[in-house]
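>
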Amino acid sequence: MIVLARRLAQLVAVVLAVTFLAFTAMNTLGDPLFNVVGFVAAVDCDAVEAGEIEDISGQGGTTLGDCAVVAEAREEFHLNEPLPIRYGRWVGDLIRGDFGTSFKNRMPVSTVLADRLPKSLLLMGMAEVFAVALSVPWAIAAAYRANRAMDRASTIGAFGMLALPNFALGVILFYFFVVKWQIFPSRFEDDNLALRLKSLVLPALTLGMPLAATYFRLLRTDLITTLQEDFVVMAKAKGLSNRWIMFRHALRPSLFSMVTVFGLNTAALIGGALIVEQVFSIPGLGRALVEASIRDDYPVVLGATVVIATGFVIINFAVDLAYSYLDPRVRRES
Amino acid sequence: MATPLLSVTDLQVGFATERGLLRAVDGVSFDLAEGQTLGIVGESGSGKSVTAKTLMNLLPSYARVEGSVMFDGRDVRAMAAERERHFWGVEMTMVFQDPMTSLNPVKKVGEQIAESLRVHLKRSRREARDDAGDLLQQVGVPESKKRLTQYPHELSGGLRQRVVIAMALACSPRLLIADEPTTALDVTVQKHILDLLDELREERGMAMILITHDLGVVKGRADQIMVMYAGRTMEQADTATLFSEMRHPYTEALLETIPRVDMASHSRLVPIPGSPPDAVDLGQGCPFAERCRYCSASCLIDQPSLEQHRQGHACACHAPVGTDAGAAAHAANHETGVTPAGLDMGTFATAVGEKT
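Residue numbers (the working numbering), protein chains in the order written: chain F, -16 to 317; chain U, 19 to 374.
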């Protein structure tokens, strides 16, 4: 219970910290209004009214009427109030479950998130499933044959997979499986779950392969270390088979580094798969976040930030739980 | 001796290294009868642990093994671990030096004892757990039922070693190899563990190989003793004979390194000067010559072979302790103050057993 409360406090602190930073940055480094009403936002309306600037209405410039639009928009989005108050207002709305409205098409941010998040989560889940399904058997096979031909070849393979950038791998897969052999659809299809899963196979592979290579390296190294432990020798002396020793003795204490990195990667994938989303035309959270950042659409950016920060905290909590499952010596401390 | 349970003949174990072949074990032979205890004594690197690992099939695949190992008429070396599922761990098991590391830290103690029973004797989970509880009780672990669900880090060193012993005994082995079972433990616990091993051996009629660097450990417990040095057998005899008529200077030197009750208080223990030789480059003489106060010129060029001077007592030495040759060699070295190998006899000036 105490653990849960502490985690909740941590979550609140993290969300407040990151959203405050994002809020301040987006409002001081860019002008949100620019994207609401267009170029007029840049015009000094006070000067136009005072007649200091020539009214160039009808020449593609601004008019006094446009200045009224600007004033109206400022009013609507509370842009004329000081920053701290606006941030406070945003937090207040958030507590009531209101994420605000996007500047782009005046859609509620919660609708945008509800549309984008499931796709991103599905992609993340599939990528991690692929990565784990590939790396664990791979690492086990390599650890048995440490430093022999198969192990060396797979180390080279893993470095290759790590070195190949996401977009390159994505484009290569896209070319063969979509353009040439037409096995998978060229864009995200949302009609039913089967189609959704099918159209996410390639993007998930693109994300999952470098992850698999990372997990493979970590798990292989830890397994090799564990297999040299005295308790493994003892298990052999007990006449247990290699398979029994691997799965019931060596694997669990070797999972630590992998679980740590798994947690970090998973959290990063929630909103960080933008390149892959771009290559495979998936309307995910990553793309929404990039588009919104470019447009200074800060309600969307903040909404996404809240989701991602929450994801990070939850996944880290899960990783801590995994530690105490993996090693009883951790349990006493918490 | 009746038909031996374990018969090792001319065992040789080598490891190819960059500098050449490392002879870890060189021509070791012994017989061990059912229910008997063999003590193997020697310093680190003398080949005693490698011998044990060879018997247990725990050597890495690149080790080169020669010689024969017969267990109850079966050729142990011809067995492959993956096919002989129920030999190691069932007929023959081993207890290791460090109970801190030989238990899996993330598995419950009960599971670790029960798994042998499940794998080898096909016990169900529940039966195996009950048996594990009984085993813990037999090895003197208090509150054995509760211990089953504990993890190794929750137990003391002595208790852990008892757990390791329970693990080894799970399938009622006929031979137990104990490799320095008490070295990592507190002195106060050591005797309890050794006595426990002895009791269990007696109760179960099990044979035991007790490996140690401490002659004192095997004195009251082993039926036979084999003293090893640089992979070779230096002296081999039944325990009573070895202690009453020890012939090898190395055995004598080993004995002087341990305190005895009959010593005057504050008498100094004598360490063996120098360190064991490089097992890759042993040269042609006796491996112990450089550290031996009985060393004669022939020891440096001619390796003494293991010879029985009477039934049941063999020794590999040109100038054994307690013989005319030994006395003469010692006297000559004492005269010149330095052995033919260049060792200063002054090193032994305070030796407890020094005979002049």
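Where a beta carbon is used, it is the ideal one built from N, C-alpha and C, also for glycine.
1. Listed in chain order, which residues of the region 223 to 249 of chain F have Cβ atoms closer than 8 Å to some Cβ of chain U?
2. Taking the Cβ atom as the reference point for each residue, do F/S103 and F/L268 lie within a distance shorter than 9 Å?
3. What in chain U is Cβ-close to F/L309, meaning under 9 Å?
4. Against U/Q138, what residues of chain F qualify as contacts under a CB-to-CB distance less than 7 Å, listed in chain order?
5. Applying the 10 Å Cβ sphere with the 16-neighbour rule, what's the burial state of U/T21?
6. According to DSSP, which residues form a beta bridge with F/P91?
7. Taking DSSP as the reference, what is the three-state secondary structure of U/D28?
8. Give the secondary structure of U/L300 by DSSP, where H, G and I count as helix, E and B as strand, and everything else as coil.
9. Between U/N8 and F/A218, is the Cβ-Cβ spacing less than 9 Å?
10. Residue ranges of each alpha helix (DSSP H) run of no fewer than 4 residues wholly in the region 113 to 179 of chain U, ordered along the chain?
11. Quick test of your reading: U/E270 and U/L260, contact by CB under 8 Å. State the CB separation rounded to the nearest angstrom.
12. Name, please, each residue of chain F whose Cβ falls closer than 8 Å to the Cβ of U/D241.
13. Could you please give the first and the last residue of the uninterrupted beta strand (DSSP E) stretch that includes U/A81?
14. Do the CB positions of U/F89 and U/V182 come within less than 9 Å of each other?
15. How about F/M218: is its C-beta nearer than 9 Å to some C-beta of chain U?
16. List the residues of chain F whose Cβ lies closer than 8 Å to the Cβ of U/G383, in chain order.
17. Which residues in the same chain as U/D28 place their Cβ atom closer than 6 Å to its Cβ, once the five residues preceding and following it in sequence are excluded?
18. Please report whether the beta-carbon of U/M74 lies at a distance below 9 Å from any beta-carbon of chain F.
19. What distance in whole Å lies between the Cβ atoms of U/D197 and U/I229, which are believed to be in contact at a cut-off of 8 Å?
20. Under DSSP, the beta strand (DSSP E) around F/I207 begins and ends at which residues?
21. Return the first residue and the last residue of the beta strand (DSSP E) that F/Q165 is part of.
22. Determine, using beta carbons only, whether F/D303 comes closer than 9 Å to chain U.
23. Near U/G371, which residues of its chain fall below 6 Å by C-beta distance, leaving aside the five closest residues on each side in sequence?
24. Could you spell out where the alpha helix (DSSP H) holding U/H336 opens and where it closes?
25. What distance in whole Å lies between the Cβ atoms of F/V95 and F/A305, which are believed to be in contact at a cut-off of 8 Å?
26. Which residues share a DSSP beta bridge with U/Q254?
27. Quick check: what's the CA-CA separation for F/G108 versus F/V115?
28. Taking Cβ positions, are U/H210 and U/G158 nearer each other than 9 Å?
29. For F/R312, which residues in chain U fall below 9 Å Cβ to Cβ?
30. Any beta carbon from chain U within less than 9 Å of F/E274's own beta carbon?
31. Return no unless some Cβ of chain A is closer than 9 Å to the Cβ of F/V216.
32. Would you mind sorting F/N175 into buried or exposed? The rule is 16 or more other CB atoms within 10 Å of its CB.
33. Using the three-state DSSP reduction, which class does F/E172 fall into: helix, strand or coil?
34. Might you give, ordered along the chain, the residues of its own chain that have their beta carbon closer than 8 Å to the beta carbon of U/R222, omitting 5 neighbours on each side?
35. Take every Cβ of the region 149 to 158 of chain F, pair it with every Cβ of the region 65 to 79 of chain F, and state whether three or more of those distances are shorter than 8 Å.
36. Please report the straight-line C-alpha distance between U/V68 and U/Q30, rounded to a whole angstrom.
Put simply:
1. L223, S224, N225, W227, R231, H232, R235, P236
2. Here residue 103 of chain F corresponds to residue number 120 of the first sequence, with the count starting at 1. Here residue 268 of chain F corresponds to residue number 285 of the first sequence, with the count starting at 1. Contact: yes.
3. The count along the first sequence starts at 1 and reaches residue 309 of chain F at position 326. Here the neighbours are V124.
4. Start at 1 with the first residue of the second sequence, and residue 138 of chain U comes out as number 120. First, the amino acid is wrong: residue 138 of chain U is His here, not Gln. Those are G222, listed as they occur along chain F.
5. Counted from its first residue, the second sequence places residue 21 of chain U at position 3. Exposed.
6. Within the first sequence, residue 91 of chain F is the residue found at index 108, counting from 1. DSSP, once it has assigned bridges, lists F/T84 as partnering F/P91.
7. Within the second sequence, the letter at position 10 stands for residue 28 of chain U. Of the three classes helix, strand and coil, the one that applies to U/D28 here is strand, per DSSP.
8. Here residue 300 of chain U is taken as the residue at index 282 of the second sequence, counted from 1. Reduced to three states, the DSSP call for U/L300 is coil.
9. Past the boundaries of the shown model lies residue 8 of chain U; chain U is included only from 19 to 374, so the question cannot be answered.
10. 127 to 139, 143 to 156, 162 to 165
11. Numbered from its first residue, the second sequence carries residue 270 of chain U at position 252. Numbered from its first residue, the second sequence carries residue 260 of chain U at position 242. Actually they do not touch by this definition, with Cβ atoms about 11 Å apart.
12. Walking along the second sequence from the start, residue 241 of chain U turns up at place 223. Chain F residues near U/D241: none, gap ~23 Å exceeds 8 Å.
13. Sequence index remark: in the second sequence, residue 81 of chain U carries index 63 (1-based). 81 to 89 is the extent of the beta strand (DSSP E) around U/A81.
14. Here residue 89 of chain U refers to the residue found at position 71 of the second sequence. Here residue 182 of chain U refers to the residue found at position 164 of the second sequence. No, these two residues do not count as a Cβ contact at 9 Å.
15. By 1-based counting over the first sequence, the position of residue 218 of chain F is 235. Rather than Met, the amino acid found at residue 218 of chain F in this sequence is Ala. F/A218 counts as touching chain U.
16. Limits of chain U in this structure are 19 at one end and 374 at the other, which puts residue 383 of chain U out of reach.
17. By 1-based counting over the second sequence, the position of residue 28 of chain U is 10. Within the same chain, U/D28 has close Cβ partners G45, S47, G85.
18. Position 56 of the second sequence, counting from 1, holds the residue named residue 74 of chain U. True, the Cβ-Cβ gap to chain F drops below 9 Å.
19. To locate residue 229 of chain U, count along the second sequence from 1; it is residue 211. To locate residue 197 of chain U, count along the second sequence from 1; it is residue 179. 5 Å between Cβ atoms; contact.
20. Counted from its first residue, the first sequence places residue 207 of chain F at position 224. Where F/I207 is concerned, there is no enclosing beta strand (DSSP E), although the alpha helix (DSSP H) it sits in stretches over 176 to 210.
21. Taking the first sequence and counting its residues from 1, one reaches residue 165 of chain F at position 182. Unbroken run through F/Q165: none, as it is neither H nor E.
22. Indexing the first sequence from 1 puts residue 303 of chain F at position 320. Chain U contact via Cβ: absent.
23. Position 353 of the second sequence, counted from the start, is the residue given in the question as residue 371 of chain U. With a pLDDT of 46 at U/G371, under the threshold of 50, the modelled position of that residue is not reliable, and the figure given next carries that caveat. Taken in chain order, the residues that qualify are E274.
24. Within the second sequence, residue 336 of chain U is the residue found at index 318, counting from 1. U/H336 -> no alpha helix (DSSP H), and no H or E assigned at all.
25. Counting from one through the first sequence, the residue named residue 305 of chain F turns up at place 322. Counting from one through the first sequence, the residue named residue 95 of chain F turns up at place 112. In fact, because the Cβ distance is near 32 Å, the residues do not count as touching under 8 Å.
26. As a working mapping, residue 254 of chain U is identified with position 236 in the second sequence. BP columns for U/Q254 point to U/M244, U/A332.
27. Locating residue 108 of chain F in the first sequence gives position 125, counting from the first residue. Locating residue 115 of chain F in the first sequence gives position 132, counting from the first residue. Looking at the two C-alpha atoms, the distance is approximately 11 Å.
28. Along the second sequence, read from residue 1 onward, the residue named residue 210 of chain U stands at position 192. Along the second sequence, read from residue 1 onward, the residue named residue 158 of chain U stands at position 140. Yes, Cβ-Cβ distance for U/H210 and U/G158 is below 9 Å.
29. Within the first sequence, residue 312 of chain F is the residue found at index 329, counting from 1. In chain order: P123, V124, Y169, H171.
30. Sequence index remark: in the first sequence, residue 274 of chain F carries index 291 (1-based). F/E274 does not count as touching chain U.
31. Checking the listed chains, one finds no chain A in this structure; the protein chains it contains are F and U.
32. The residue labelled residue 175 of chain F in the question sits at position 192 within the first sequence. F/N175 should be labelled exposed.
33. Counted from its first residue, the first sequence places residue 172 of chain F at position 189. Here F/E172 sits in coil by DSSP.
34. By 1-based counting over the second sequence, the position of residue 222 of chain U is 204. Contacts found: L187, S190.
35. no
36. To locate residue 68 of chain U, count along the second sequence from 1; it is residue 50. To locate residue 30 of chain U, count along the second sequence from 1; it is residue 12. Taking the straight line from one Cα to the other gives about 10 Å.
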